[in-house]
Amino acid sequence: MAQATARHILVDDEAKCNELKAQIEAGADFADVAKQNSNCPSAAKGGDLGKFGPGMMVPEFDKVVFSAPLNTVQGPVKTQFGYHLLDVTSRS
Numbered sequence: 001m002a003q004a005t006a007r008h009i010l011v012d013d014e015a016k017c018n019e020l021k022a023q024i025e026a027g028a029d030f031a032d033v034a035k036q037n038s039n040c041p042s043a044a045k046g047g048d049l050g051k052f053g054p055g056m057m058v059p060e061f062d063k064v065v066f067s068a069p070l071n072t073v074q075g076p077v078k079t080q081f082g083y084h085l086l087d088v089t090s091r092s
């Protein structure tokens, strides 16, 4: 079964998500931005979600995690929880 590791940043609105993405693309550290801005408990770990397989996250999340290029910030991705920036760090 496919497995991936990823990290994410969760915020309430798309504008904030786009603002954070621009900061990261300009050189800000993803983990630091996650710690300072993410609404998810994973913020304490720089947004790290660990290893998971298909179906363990919401469908919108899975679609990106199991298809996006590695180590490239994706998003905003809208889910029932808010807006995410995703960074897939490995996939097997």
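In UniProt numbering, the protein residues as written are 1 to 92. Glycine included, each C-beta is placed from N, C-alpha and C at the ideal position. This structure is a prediction, so every number in the text was calculated from the model and none was measured.
Could you pull out every residue in the same chain whose Cβ sits closer than 8 Å to the Cβ of residue i, ignoring the five residues on either side in sequence?
| i | result |
| --- | --- |
| Ile24 | Phe30, Val33, Val73 and Leu85 |
| Ala2 | Gly53, Pro54, Phe66, Arg91 and Ser92 |
| Asn71 | Asp87, Val88 and Thr89 |
Look at the alpha carbon of residue i and the alpha carbon of residue j, and state the distance between them as a whole number of angstroms.
| i | j | result |
| --- | --- | --- |
| Cys35 | Ala43 | Just to set this straight, residue 35 is Lys in the shown sequence, not Cys. If you take the alpha carbons of Lys35 and Ala43, they lie about 5 Å apart. |
| Thr79 | Ser38 | 14 Å |
| Phe81 | Cys40 | 9 Å |
| Arg7 | Gly27 | 17 Å |
| Lys45 | Pro69 | 22 Å |
| Met56 | Leu49 | 11 Å |
Among the residues of its own chain, which have a CB less than 6 Å from the CB of residue i, if the five just before and after it don't count?
| i | result |
| --- | --- |
| Tyr83 | Val11, Glu14, Cys17 and Pro76 |
| Lys51 | Gln3 and Thr5 |
If I'm right that residue i touches residue j with Cβ under 8 Å, what's the distance once you round it to whole angstroms?
| i | j | result |
| --- | --- | --- |
| Val58 | Ala4 | Val58 to Ala4, Cβ: 14 Å. No contact. |
Among residues of its own chain, excluding the 5 on either side of residue i, which ones have a beta-carbon nearer than 7 Å to its beta-carbon?
| i | result |
| --- | --- |
| Ile9 | Leu20, Val33, Ala34, Asn37, Ser38, Gly47, His84 and Leu85 |
Based on DSSP bridge pairs, tell me the residues matched to residue i.
| i | result |
| --- | --- |
| Ser90 | Thr5 |
- Does the stretch 13-27 come within contact of the stretch 48-67, defined as at least 3 CB pairs closer than 8 Å? no
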